[in-house]
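J.: Sharing a structure, written as structure tokens. Questions coming.
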Amino acid sequence: MLLRWLRGLAIIAAVIILVVSVARVREGGNQIVLERKEDGEGMVSDEVSDGEIHYILVYPGILPNHFLYPLKMVRDRTVEWVTTDPMMKAELLQLYADKRLGAAKVLFEEGRDELGVEVGEKAVMYQRRVVEIIEDLKKEGKNVGRIANKVERATAKHEEVWKSLIEIAGEQAKPRVDEFKDDSVEFNLRIQRVLEREN
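Going by the working numbering, the first residue of the sequence shown is number 30, and it counts up by one from there.
Structure representation (structure tokens):
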């Protein structure tokens, strides 16, 4: 009896989380957070100094070894499925890529390389999809400058993080992390080409 009651409570909680997540996406609540700084003339720009990209990765939330992680995956897939606007989908997938990269970083720092590689593959997969959406939108003649600029900074940040993780990854994981870094370089170059055509 108690087990049935707990299952019902878990289902209700999952439905509430799903409804809130879908509502946030519909309102544009999932935004990529960038560190911004005003110059002397009141202009706002993204800060880049000493070769470091100041693109803040969002908090990854619960990690794959958490018992509620499957609910998070269901929520993410559902929110993605109901997001039909390509620009919003690109924003959402960039958020997912950033979260997966953040989770992979935590896992590598904790020495859980195998799980870090698995989550890293998802980060790269989401990033690839973002780039493909932007390229497709550009081919259709859409103005993609704003999202392409954001993704250019994101891919540069992903490259930077993967480079740092190569140093702490175990010997078996290093080649995969190096591949992820190379993927980020490729994505950044593809987005730069889109931006060149935008001007």
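All C-beta atoms, glycine included, are put in the ideal place defined by N, C-alpha and C.
Quick caveat, the model's predicted, so the values are computed rather than measured.
Exposed or buried, what is H95 when buried is set at 16 or more other beta-carbons lying within 10 Å of its beta-carbon?
T.: So H95 counts as exposed.
J.: Does the region 185-192 come into contact with the region 205-220, if we say contact requires no fewer than three beta-carbon pairs (one atom in each stretch) closer than 8 Å?
T.: Yes, the region 185-192 is in contact with the region 205-220.
J.: Counting along the chain, where does the alpha helix (DSSP H) carrying P115 start and finish?
T.: Element bounds for P115: P115 to E138.
J.: Is the beta carbon of R205 sitting closer than 8 Å to the one on G149?
T.: Yes. Within cutoff.
J.: Where L124 and G174 are concerned, what is the direct C-alpha to C-alpha distance, given to the nearest angstrom?
T.: So the alpha carbons of these two residues sit roughly 18 Å apart.
J.: I need the straight-line Cα distance from R222 to A126, nearest angstrom please.
T.: Cα-Cα distance, rounded: 21 Å.
J.: Which same chain residues, not among the five before or five after E181, have their C-beta less than 8 Å away from its C-beta?
T.: Cβ neighbours of E181 beyond the five flanking positions: N217, I220, Q221 and L224.
J.: Can you tell me whether I176 is buried or exposed, with buried defined as 16 or more other CB within 10 angstroms of its CB?
T.: I176 should be labelled buried.
J.: For the alpha helix (DSSP H) that contains G149, what are its first and last residues?
T.: Its alpha helix (DSSP H) spans residues D142 to K168.
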